[in-house]
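Chains as they are written, first to last, in UniProt numbering: chain A, 1 to 449; chain B, 1 to 449.
Here's what the structure looks like:
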């Protein structure tokens, strides 16, 4: 029997994950709008037998785009483009339950799953950036709890839409003239607090039944949501202990709501700086840090922590006493990660900015290929991870180094596949294809939410 | 100087345009959810140097899917998939101004235009099918005039979003550290009757600036809208006289609002049944008619005309006196096309259903390759068309016949390109790349709408 295997996704951030990636000599900022650039990256990840490529998203322009590659192409179109030039690799799109209509989102994912032969995943987000509200006619970004309330009902609605065609409903029998057996296509008749959706979907059930449900928030609401709905979680942890706590907690929560914890994969982010020696890796990391622009990171710090600092304060301590830990902002999971760094490491402002520059709160590992592989193995074998979301500091080279030097070590240790065994993302992840749940019309509240 | 050239789009309807296409022996109904099927069709159209492939759409399931292939994959994902396997051909997506959010639609098109290197077109529709309303929480489908009012403002908003990045705004200079010159990225600050959108878009301006604006309604509202906004019009006409009237009318209207009428292309639909002899073509057409199912067409007749007839009435006259010509339904352009057929031809119900089975009101031409080419040339040279939307009765074979037998005749007559000269859809259509219009914040109404 094959031992438990790592699940590895490639997180594709235009230019790379480090905020200064686009300034690094190995980067190609002029290609960030070029389909062939992403196709090359996805094909490379597929040739390494990665489980999936993952695209983040948000429906607003980041303020600090002046200093870094803070935009991206839209994920559905990008992944459909990648689907056409790959055969096996999973395709995970981030899409917001706060700023999409359920019927439109359900169609986009059903199509992506058909077009890719069953490789779609949905990273379910409620959108953290408050400036999105102004792009959708809202006076204010809905508060955290309200966004999660809508998210729960949103997932319920789109699940009903994806299940509205029975698998056998598309008959297409030229002789009898029966194209779709409409007795097997069901309205959803959802009447909830946030949505009223009649259905059915206008696309037959897709190869995976539904996209793989992925979730990325680790707040209290986020954990509860993930325990109930997610099949994979992307999460940010700086220490093994934090990763273990989270892993045990969400597995326990999912068991508590009657789910098989084995069907909820925990995939922390990791951004590897790799060198032939540890000193070389550190030099590489330093080189990136020297390319950072404090104006960029100070804006990020303001957004996440609410601290408005100036470049004059870079070499002083982080004014911990000015950080308001309660309220809406304190609900964000990334807030807590950064607060922990401050409490644990007591960095100067500049040191904190450098800590965050690599992956905005995700874990940065700096070392030799063996050291990176050791870190991955340690988390994997000690109850902190079922796999990882690999976040190369820069693209495409930062991934090439990982692929060439770390992946072979993981294979030699029996931790990662040599070949794909399945064809769908569910198969790569070891997740079953869900049975269609026949909807029961709801008339109040959001039943299963 | 090259003489005036035909613009030819391939209308890709799953299985083909005839309602019974999926039952025809040359059809492949089992492939309607298969990306490779559409890729093969698009590549073939590109090898014939067609201007574009065109995908219809609507956010609801048609009632009569029991009898025919009345569903389709979602256009943005489908066309992004086709963009990846083609180089030149335009990609026109139908998308509804009634059921999309402007910011989401703007991002999808900007991405498609980037991913395709400037080949995106937007078929702007307000959605005719009333059952869509129930999928979006509305009590009723907005009436025609209301939908067009929203459409005008929608186009205004997304135009502002597409123009929000100046072409030079993306600097990406690693040395200075300036990624985006935010002085050249402008908020849109739109405050209208239907939408409030702050902007800017989170994607730099795309190769074409904006997708080509296409429009498909020919009602009074539709013509006024097209005259102001459209760069290409898809329209349904049964007779040369009707086509000429429409052509002259929309060109005149566009001139009246200060536009160059040469930058508004009129592209009627045409569905060709081709045989080596006229008799063979008629036999082919008869064969398709024999595969039709009256239950299907009677539902369509009810939807478009409001007539609820039974199969027992097939061989009697169309009860013209029961058709209510005023009101909301009478605003639909397809309504008028069908009413004209009834008045002109006095068909039995069955004859009318057969007339509509080929292309639901679009013109069906039955004849030899020469006869089909003659019809195209006649309309093109007599003020009824700048080109055509080719609607093969079945796919893929129905297009192969057109490509092999009619296209060479059009080329021999100097009417259609031998090779692409441009790379973008705008270049194929002979349309300029629009200058970005700097938005003036609106505080009431919808200024330019």
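We put the beta carbon where it would ideally sit given N, CA and C, even for glycine.
These figures come from a predicted structure and were not determined experimentally.
Item, Value
"Should residue 438 of chain A go down as buried or exposed, given a rule of 16 or more other Cβ atoms within 10 Å for buried?", "exposed"
"If residue 451 of chain B and residue 16 of chain B are in contact, beta carbons under 8 Å, what's the gap, nearest whole angstrom?", "Only positions 1 to 449 of chain B appear in the structure, and residue 451 of chain B is not among them; the question remains open."
"Between the region 12-23 of chain A and chain B, which residues of the former have a C-beta closer than 8 Å to a C-beta of the latter?", "22, 23"
"According to DSSP, which residues form a beta bridge with residue 260 of chain A?", "In the DSSP output, where bridge partners are listed per residue, residue 260 of chain A has none listed."
"Hey, is residue 99 of chain A close to the ligand MG, as in C-beta under 7 Å from one of its heavy atoms?", "Of ligands this structure carries none, so the ligand MG is not represented either."
"Name the chain A residues that come within less than 8 Å of residue 29 of chain B, Cβ to Cβ?", "172, 174, 179"
"Against chain A, does residue 69 of chain B count as a neighbour if the rule is that its beta carbon must be under 8 Å from one of theirs?", "yes"
"Nearest chain B C-beta to residue 76 of chain A closer than 8 Å, yes or no?", "yes"
"At a CB-CB cut-off below 8 Å, which residues of chain A make contact with residue 212 of chain B?", "Here the premise fails: no neighbours, minimum Cβ distance about 17 Å."
"Compare the C-beta of residue 203 of chain B against all C-beta atoms of chain A and say whether one is closer than 8 Å.", "yes"
"Give, in chain order, every residue of the region 394-413 of chain A whose Cβ lies closer than 8 Å to some Cβ of chain B.", "none"
"Spell out whether any CB of chain A is found under 8 Å from the CB atom of residue 52 of chain B.", "no"
"Below 8 Å between beta carbons is the criterion; list the residues of the region 95-110 of chain A that meet it against any residue of chain B, in chain order.", "99, 100, 101, 103, 104, 107, 108, 110"
"With 8 Å as the threshold, decide whether the Cβ of residue 136 of chain A is near any Cβ in chain B.", "yes"
"State the start and end residues of the unbroken beta strand (DSSP E) segment that holds residue 122 of chain B.", "120-125"
"Taking residue 269 of chain A as part of the beta strand (DSSP E), name the residues at either end of that continuous run.", "265-274"
"With residue 225 of chain B and residue 148 of chain B assumed to form a contact (beta carbons below 8 Å), what rounded beta-carbon distance in angstroms separates them?", "6 Å"
"Among residues of its own chain, excluding the 5 on either side of residue 389 of chain B, which ones have a beta-carbon nearer than 6 Å to its beta-carbon?", "9, 11, 234, 267, 269"
"Does any CB atom of chain A fall closer than 8 Å to the CB of residue 114 of chain B?", "yes"
"For the putative contact between residue 82 of chain A and residue 91 of chain A, defined by C-beta atoms under 8 Å, what is the C-beta separation to the nearest angstrom?", "6 Å"
"Tell me whether the beta-carbon of residue 209 of chain A lies closer than 8 Å to the beta-carbon of residue 162 of chain A.", "yes"
"Using the C-alpha atoms, what's the distance from residue 194 of chain A back to residue 362 of chain B?", "40 Å"
"Restricting to runs no shorter than 4 residues, where is the alpha helix (DSSP H) found entirely within the region 121-164 of chain B?", "144-162"
"Extract the residue ranges of the beta strand (DSSP E) inside the region 339-383 of chain A, only unbroken runs of 3 or more that lie entirely within it.", "363-367"
"May I have the straight-line CA-CA distance separating residue 64 of chain A from residue 67 of chain B, to the nearest angstrom?", "54 Å"
"Name the residue from B:119, B:186, B:215 whose alpha carbon lies nearest to the alpha carbon of residue 155 of chain B.", "B:215"
"Residue 290 of chain B: buried (16+ other C-beta within 10 angstroms of its C-beta) or exposed?", "exposed"
"Looking only at C-alpha atoms, which of B:41, B:349, B:61 sits nearest to residue 197 of chain A?", "B:61"
"For residue 447 of chain A, which residues in the same chain have their Cβ closer than 6 Å to its Cβ, ignoring the five residues on either side in sequence?", "Residue placement at residue 447 of chain A is poorly supported in this model, since its pLDDT is 38, which falls under 50; the coordinates are not used for a value here."
"Check each candidate in A:276, A:114, A:204, A:39 and name the one with the smallest Cα separation from residue 405 of chain A.", "A:276"
"Since residue 293 of chain A meets chain B, which of its residues come closer than 7 Å, beta carbon to beta carbon?", "177"
"Measuring only the C-alpha atoms, how far is residue 299 of chain A from residue 334 of chain A?", "15 Å"
"In chain A, what lies closer than 9 Å to residue 284 of chain B by C-beta?", "Chain A residues near residue 284 of chain B: none, gap ~17 Å exceeds 9 Å."
"Confirm, please, whether the CB-CB distance from residue 272 of chain B to residue 33 of chain A is below 8 Å.", "no"
"Cβ closer than 7 Å: which chain B residues qualify as neighbours of residue 198 of chain A?", "134, 135"
"Since residue 65 of chain B meets chain A, which of its residues come closer than 9 Å, beta carbon to beta carbon?", "179, 180, 182, 185, 202"
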